[in-house]
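Here the protein sequences come in this chain order: H and F.
So for the first sequence, this note's numbering puts the first residue at 1; every next one is plus one.
So for the second sequence, this note's numbering puts the first residue at 1001; every next one is plus one.
There are 2 protein chains.
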Amino acid sequence: MPSTIKDVAARAGVSLATVSRYINGTGKLRPATAERVNAAIAELGFRPNAVGRSLSTSHTKSLGVVIPSLSNPVFSDAVSGINEAARAEGYRLMFTSTEYNRAEEVEAVSSLLEYRVDGLILTVADAEEAPALDLLEAAGVPYTLLYNQSGRSARPAVTIDNVAAGREVAQHLLALGHQRLGMVSGSFSASDRAMARRDGFTAEIVARGFPAPRVLEVDFVNSEVEEALVLLMRDRDTAPTALFCSNDLLAISVIGALERIGLNVPEDVSVLGFDGIAIGTHLHPTLTTVVQPSRDMGQTATRQLLACLQGGSDPDTMILPYRLQIGESVGPAAKPSPTGPSELNQTK
Amino acid sequence: MPSTIKDVAARAGVSLATVSRYINGTGKLRPATAERVNAAIAELGFRPNAVGRSLSTSHTKSLGVVIPSLSNPVFSDAVSGINEAARAEGYRLMFTSTEYNRAEEVEAVSSLLEYRVDGLILTVADAEEAPALDLLEAAGVPYTLLYNQSGRSARPAVTIDNVAAGREVAQHLLALGHQRLGMVSGSFSASDRAMARRDGFTAEIVARGFPAPRVLEVDFVNSEVEEALVLLMRDRDTAPTALFCSNDLLAISVIGALERIGLNVPEDVSVLGFDGIAIGTHLHPTLTTVVQPSRDMGQTATRQLLACLQGGSDPDTMILPYRLQIGESVGPAAKPSPTGPSELNQTK
DNA sequence: TTTAACAATGTAAACGTTTACATTCTGAGA
DNA sequence: TCTCAGAATGTAAACGTTTACATTGTTAAA
C-alpha cells in the first residue's frame, strides 16, 4: 500500500495539515519544516492520492470526454486539443466513445457523472434531441458540445457554421462552372453536422436556380461507396460533375472509388471534402476541403469549460471560422463528352 | 450538491449500510426494504459517488491509457478496442498522449498514479529505456505495453513480431522481382516498432545476398517526404523499385509524393505500408500493407490487465498475428527503362 | 409457549485528504 | 522584561462510501 500523508507526517514529525500545506503550497512553512517534509516525501516515495483530495474538495480535476468514434481523425484531432488545454491546467481526461449511438451516449454520461468529472466535452448525434444532455442539465454539471449544431436548443457548443460552409461549397463549385452537383454523406440521423452541410449546400444551389443536388447517404464503414457511385455516375451526360462529401474520410473514399471505375479526379469529376484532416494534403490529388480548426476547437471548448469551472460565466456557443482549402481534387466543370453514352456505360 | 447515500438512507428510513447493500447487490434485503430504498433513490435522483467508493475500496475501476498520439489511426483503433473491453467490465479510461516525448511519458504516468488508476495500458518510445515504466514498477502498479517490442527487458506487451513482419515484407518484394529496395520510416528514436521493422527488413535482404536497402528517416509531420523522395528516386536506374514504409500514413504520403513527381504506383515504384488502417483499403491504389489487429490488441491488452487486477496472473507478453494484406500499391518490379537518365532527372 | 438459528439490518470506524478553527511560537515594540 | 500581534503549526471533523462486527427480527421446531 503506498504511503499516505499520515506516514509523511509521522516521518517528518509534523501534522497532517502541515504536510498538506507543503504539498499544495497553501500557507507558510518555516524552511526547516519544509525541508523535513520534503525529505520524508522522498524517503517514502509518497505520491498524493487524488481520490482523497477529490472527496474532500468535491472536485476531481478531471473532464469527461464523449465522442462518437476515434476512427475519424477529426475527433482525434479535437481530443488532442482538449488534452493539451486540460493538461495545461492540471486536468485529466476521462474518455469514452459512443459509436454514434444515443443509448451509449446516455450510458457514457451516466458513468462519467458517477465518477464526478467536473465537466464534460461531448459530441452527440443530435443536439436537439439528446437525452444525455438532458441528464447533464438535470445534474447541473457544466458541459460544452463540440462540433454539434446548437440550433434552437441553444445548448453551448464550439462549432463552425456548417450551413454557411455548405453554401460556400456550392458557390465555389458553381463558380467553377459545375451545374450538376451531387453530395455523398454519412448518416444524417447520426450527425447534425452532415444535415447542416447538406441544408446549406442544397439551399444555395436551389437559390441560384439550379436543380437540387443528388444526395447519396452511404454507410462509409460498410464500403458501399463504389456501388453507389457506379449508379450515380452511370450516365455521364446527366451525372454530377462535382461531388460534395460530408467528411474527408468519405471524400478520400469517393476519390478512390471514382478512379477505380475509370473516372479521373478532378478532370472527370471534382470532389470536395469536409474537416481538413492532415492526410488530405498528402494524397494525390490533394483534397480540396472545408477545414475546421479541430485542435483549436478542442482547446477552445476546454478553456471555456475550465473558465466556467473556475468561477467564470457558463459556457456559450462559439462559432469558430472554417476555411475552404483549395487542393487538387476540384477543378473546372468537365466539358461534355463529344460522344454519346460514355465508356462507363459500357463497362459491365 | 447532489444527494448522497445519507440522504437516501434518511428518506428510506434505513441505514447507510442497507442503501450500500442495495446499490451494490451485496447481502439480502427484504423486498419491502428494497422497494423503499429504490423509491428514495428515484425521488432524490441519487447517483453513487465513485470517488467515495474509490477511497473506501482502494480501487477506482479506471485504467490509465498513455499513447504517443491520436493522429495515427493505429492508436485510435487500439484505444477503441481498449474502450470496448474496459466498458464491458465496468471500467473507465483515463487518457493522455505524450507526442513521442519521454519526459511527457513520465509526467503522464506520474499523474495517472496520483489518480490511482488500477492499471495502465501504454505505448512508450522505447520499452528498453523507459523511465515511465521504471516508475510503474517501483509503484507496483500493473501495466501492459501496446505495440512496443518487449525485447530483452521482458516487459509485458501485446504486440506483433515486427522483425518477422519486416522479413516477410522483404520476402514478398524480392519474390516479385524487386532487387533494389528502400525504406521510408518515421523517427527510430521515437518508435522501437519502426526499428524492429527496419531490422527485419534489412536482415532478410542482406541474407538473400542483395544490397542493404536505402533507409530514409523522415519527419512525416513536417512534410519533407516529397523532397526526400526526389533525391532518392533521382536516378531511375539505381533508385529503389519498391519502398517499405514504417506505417500506413507514411505510405499514403509517399504514394502521393511519388505521383506528384511523376511516378506511377505500382508500375514505376511499389509501395508497401504497415498497420492496416481502414482508409488504406479505400484509396486508389489500395494499400498493400502489414495489418496488425489494433482493435484486438487493445482488447487483449485490456482483458489481460483486468484479469490481473481481478486476482489472475501478471500480464505477460503476447504476440498476436499480423497478416500481409495484398492491395494494389505493390506490383512486379518495373523493368529498367530503355532510355538513359530518366525524365525525372531533367525536372527542375 | 419457548428457544434457537438464521435473516435482515444497524453501528461505527476507516479509506486519504482538506481546512476552519484553535493553539503555540516568535519577534518587535513599549 | 513583558506584552501583543502575527506567524506557524496542530486538532479534529468532514467529504461519501464500504464493510466487519453487532444487534434485532423472524420463523420453525421442540
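The beta carbon of each residue, even a glycine, is placed where N, CA and C say it ideally should be.
The beta strand (DSSP E) with residue i in it runs from where to where?
i, result
"T1289(F)", "T1288 to V1291"
"S1062(F)", "S1062 to I1067"
"I121(H)", "G119 to L122"
"E1089(F)", "No beta strand (DSSP E) contains E1089(F), which DSSP labels as neither H nor E."
"E1217(F)", "R1214 to E1217"
Among the residues of its own chain, which have a CB less than 7 Å from the CB of residue i, if the five just before and after it don't count?
i, result
"Q1171(F)", "E1204"
"N72(H)", "N247 and L249"
"R11(H)", "A40, E43 and L44"
"H1178(F)", "T1241, A1242, S1270 and A1333"
"P48(H)", "I23"
"L1322(F)", "The question names Leu, but residue 1322(F) is Tyr in the sequence shown. Same-chain partners within the cutoff: I1160, A1165, V1290, V1291 and Q1292."
With burial defined as no fewer than 16 other Cβ atoms inside 10 Å of the residue's Cβ, what is the status of residue i: buried or exposed?
i, result
"A1239(F)", "buried"
"G25(H)", "exposed"
"A207(H)", "exposed"
"K6(H)", "exposed"
"A175(H)", "exposed"
"D1268(F)", "buried"
"D235(H)", "exposed"
"L16(H)", "exposed"
"R1152(F)", "exposed"
"P1405(F)", "This structure does not reach residue 1405(F), given that chain F is present from 1001 up to 1348, and the question cannot be answered."
"M1001(F)", "exposed"
"P1341(F)", "Because the pLDDT at P1341(F) is just 45, under 50, the model does not fix this residue reliably, and the point stays unresolved."
"T1057(F)", "exposed"
"G13(H)", "exposed"
"D275(H)", "buried"
"P979(F)", "Nothing in the structure corresponds to residue 979(F), since chain F is present only between 1001 and 1348."
"L231(H)", "exposed"
"E105(H)", "buried"
"A78(H)", "buried"
"Q1346(F)", "Confidence is the limiting factor: at Q1346(F) the pLDDT is only 42, short of 50, which leaves the residue's position unreliable, though a coordinate-based value still follows. It counts as exposed."
Leaving out the 5 sequence neighbours to the left and right, which residues in its chain are closer than 6 Å to residue i when beta-carbon positions are compared?
i, result
"G1273(F)", "C1245, D1248, A1251, L1287 and T1289"
"A1228(F)", "L1216 and V1218"
"I67(H)", "F75, S97 and T123"
"L263(H)", "V269"
"A194(H)", "S185, G186, F188 and S246"
"R167(H)", "G200 and E204"
"K1348(F)", "Confidence at K1348(F) is low in this model, with a pLDDT of 39, below 50, so its placement is unreliable and the value that follows should be read with caution. Answer for K1348(F): no residue qualifies."
Using a C-beta to C-beta distance shorter than 7 Å, which residues of chain H count as neighbours of residue i?
i, result
"A1333(F)", "Near A1333(F) there are no residues of chain H at all, since even the closest Cβ is about 22 Å away, more than 7 Å."
"T1060(F)", "V51"
Report the neighbours of residue i on chain F: residues whose CB is nearer than 9 Å to its CB, in chain order.
i, result
"F95(H)", "V1065, V1079, N1083, R1092, L1093, M1094 and F1095"
"L55(H)", "N1049, V1051, G1052, S1054 and L1055"
"A139(H)", "P1002, G1045 and R1047"
"I319(H)", "Those within 9 Å of I319(H) in chain F number zero; the least Cβ separation is about 25 Å."
"S187(H)", "Near S187(H) there are no residues of chain F at all, since even the closest Cβ is about 17 Å away, more than 9 Å."
Could you list which residues in chain H have their beta carbon closer than 8 Å to that of residue i, in chain order?
i, result
"E1114(F)", "R47, P48, N49 and A50"
"E1259(F)", "H284"
"S1071(F)", "P73, S76, D77, S80 and A278"
"G1273(F)", "Here the premise fails: no neighbours, minimum Cβ distance about 12 Å."
"S1150(F)", "Simply none; closest approach about 25 Å."
Leaving aside the five residues before and after residue i along the sequence, list all residues of the same chain whose C-beta is less than 8 Å from its C-beta, in chain order.
i, result
"Y1100(F)", "P1068, S1069, A1125, S1187, A1190 and S1191"
"H1284(F)", "E1328"
"E1259(F)", "V1265"
"G90(H)", "K61"
"A38(H)", "According to the sequence shown, residue 38(H) is Asn rather than Ala. If we look at N38(H) and ignore the five residues flanking it on each side, its Cβ neighbours are Y22."
Output the boundary residues of the alpha helix (DSSP H) element that contains residue i.
i, result
"F188(H)", "Element bounds for F188(H): n/a, residue is neither H nor E."
"V1158(F)", "No alpha helix (DSSP H) contains V1158(F), which is instead part of the beta strand (DSSP E) from A1157 to T1159."
"E104(H)", "R102 to E114"
"Y1022(F)", "L1016 to N1024"
"Q1299(F)", "S1294 to L1309"
"E227(H)", "V225 to L232"
"S1054(F)", "A1050 to T1057"
"D7(H)", "I5 to A12"
What residues of chain H sit near residue i, judged by a beta carbon separation below 9 Å?
i, result
"I1255(F)", "H282, L283 and H284"
Count Cβ pairs between the segment 1303-1321 of chain F and the segment 1183-1202 of chain F that sit closer than 8 Å; are there 3 or more?
no
Could you tell me whether the segment 105-113 of chain H touches the segment 125-140 of chain H, using the rule of 3 or more Cβ pairs below 8 Å?
yes
Is the segment 87-105 of chain H touching the segment 1075-1094 of chain F, taking contact as three or more C-beta pairs under 8 Å?
yes
Contact between the segment 291-306 of chain H and the segment 154-174 of chain H is defined here as three or more beta-carbon pairs at a separation below 8 Å; is this criterion met?
yes
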